[in-house]
Amino acid sequence: MQRAKGTRDLFGRELRAQRRVIEVLSGVFSRYGFREVETPVFEPLELFTLRSGESIVSQLYSFQDKSGNWLALRPELTAPVARLYCERFRSEPKPVKLCYFGSCFRYEEPQAGRWRQFHQAGVEIIGSSLPASDAEVVEMADEAFEELGIRRRLVLGQIAILRETLRRSGVEEVAQDPILRAIDSGEERRLEGELERARVPQEDRTKIKRLVALKGGKGILEQAERLVQDSGVALGALRNLREITELLDEVGVRYELDLGIARGLDYYTGSVFEFYAEQWQVAGGGRYDGLIGLVGGEQVPAVGIGFGIDRISLLLEVEDEPAPDLVVLPAGSGLLKECFKLARDLRRRGLRVEVDL
């Protein structure tokens, strides 16, 4: 019998590295005032089909229970935490700051750094629309990577600019999602096909492609302003992004700007951000001001970020399990009880002790 495809057994250095990542993240989350919560491994299927995106919906592990209810193993943790907020925290003073750790499941093709069962950590700030909330989430993540000793690259974007440009082109919000997924894929032909399918006018297609191509330093914000100067909403989204960058500048967080970031989840509505280390994306998140309303009926602004614990742990260098300080060897079978007592006393003094059995 072998383990199921897309899963791993963890032990030795890999397990120690994962424990180290969780330890560091837990400490950083606590210092920033986040409260830890835990949600069920499975949730109602509908929770993940509301606005999670077709790529995730197609990868769900879903099933019917004996009462005929459709359930799914969680593919991510933001939606479950949104559901938890609506059930237990909505009456608390805002913002509510929550953090979490847990396993997630997606039926996708396994490859290096990608499994069907994987571990995530994350934070959510629910109830604040201030750019400072977005900046704090990003700063906190950057601090965590610094403490882990991981060299990283941070990319910031603002998906509201693209959404507003599409809205002004006559594309409703739900119909925007396939276009944003095409942008996220980086496939130009796919993007052109989705724009054609949505009947976006040629002039607006050109504008969208020019926006998506804007990457680099803060100078691209002025270029973007010229492209969307006739849209007050898009200009407001750019001001929001500028405020976030100014706050990050104050605390020394380095970043790149990329207005083509769309991410793979359909519920993002504002700022988006991704951290990269070596060949992998190791963390990502953004603002999702509409998700809480879908889950609980009340519109509440929110922003958060998730960390890929498995990928991060592969980047750490950790030592092997330390050898015992002492090994107690019974000189004869009649001394085994004395050896157990001696080993116990030594362990109580903080030593790592094994009894030769």
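In this note's numbering, the protein residues as written are 18 to 374. Built from N, CA and C at the ideal position, the CB exists for glycine as well.
Identity of the residues DSSP links to residue i by a beta bridge
i	result
Arg170	Tyr293
Gln175	Ser288
Leu274	Leu173, Gly233
Cys53	Reading the sequence as shown, one finds Glu at residue 53 and not Cys. Per DSSP, Cys116.
Glu371	Val344
Phe122	Gln134
Gln128	Arg131
Arg222	Arg222 is not bridged to any residue.
Arg304	Val320
Coil, strand or helix - residue i by DSSP
i	result
Glu141	strand
Pro61	strand
Val299	strand
Gln35	helix
Arg184	helix
Arg280	coil
Arg48	helix
Arg30	helix
Arg227	helix
Arg105	helix
Thr24	coil
Val335	coil
Val217	coil
Leu67	coil
Ser75	coil
Ser84	coil
Gln240	helix
Val41	helix
Residue range of the unbroken alpha helix (DSSP H) whose run includes residue i
i	result
Gln199	Per the sequence shown, the amino acid found at residue 199 is Ala instead of Gln. Ala199 -> alpha helix (DSSP H) spans 190-202.
Gly310	308-313
Leu353	353-365
Thr262	249-267
Gly210	205-214
Pro97	95-101
Beta strand (DSSP E) segment containing residue i, residue limits
i	result
Gly321	319-325
Ser162	Reading off the sequence, residue 162 comes out as Phe, not Ser. Element bounds for Phe162: not the beta strand (DSSP E) but the alpha helix (DSSP H), 148-165.
Gln81	79-81
Leu88	87-90
Cutoff 8 Å; reference residue i; Cβ partners in own chain excluding five residues on either side
i	result
Gln81	Trp87, Leu88
Gly144	Lys111, Pro112, Val113, Val317, Pro318, Ala319
Gly310	Gln316, Val317
Contact check, residue i vs residue j, beta carbons under 8 Å
i	j	result
Leu276	Leu231	yes
Asp201	Arg280	yes
Leu115	Phe28	no
Asp327	Phe118	no
Ser248	Asp221	no
Val54	Leu101	yes
Gly325	Val154	no
Ser330	Glu31	yes
Val268	Glu156	yes
Glu160	Val344	no
Ser79	Leu64	no
Phe122	Pro92	yes
Leu244	Arg227	yes
Arg33	Asp26	no
Ala158	Leu265	no
Arg127	Gly253	For the sequence presented, residue 127 should be read as Pro rather than Arg. No, the pair does not count as a contact, with Cβ atoms beyond the cut-off.
Leu208	Ala215	no
Gly307	Tyr284	yes
Thr66	Gly323	no
Tyr272	Leu165	no
Asn257	Gly287	yes
Arg131	Tyr124	no
6 Å CB neighbourhood of residue i in its chain, flanking five on each side removed
i	result
Val289	Gly174, Ile176, Ile278, Arg280, Gly303
Ile237	Leu231, Leu274
Ser150	Ile142, Val320
Gly313	Cys103
Contacting residues, own chain, Cβ-Cβ under 7 Å from residue i (five flanking each side not counted)
i	result
Arg168	Ala294
Val98	Val54, Thr56, Leu115, Tyr117, Glu141
Phe162	Arg169, Phe292
Asp342	Leu368, Arg369, Val370
Leu363	Leu343, Val370
Lys224	Thr182, Leu244
Cβ-heavy atom distance, residue i to the ligand NAP, below 7 Å
i	result
Ala230	The ligand NAP is not part of the structure shown, which contains no ligands of any sort.
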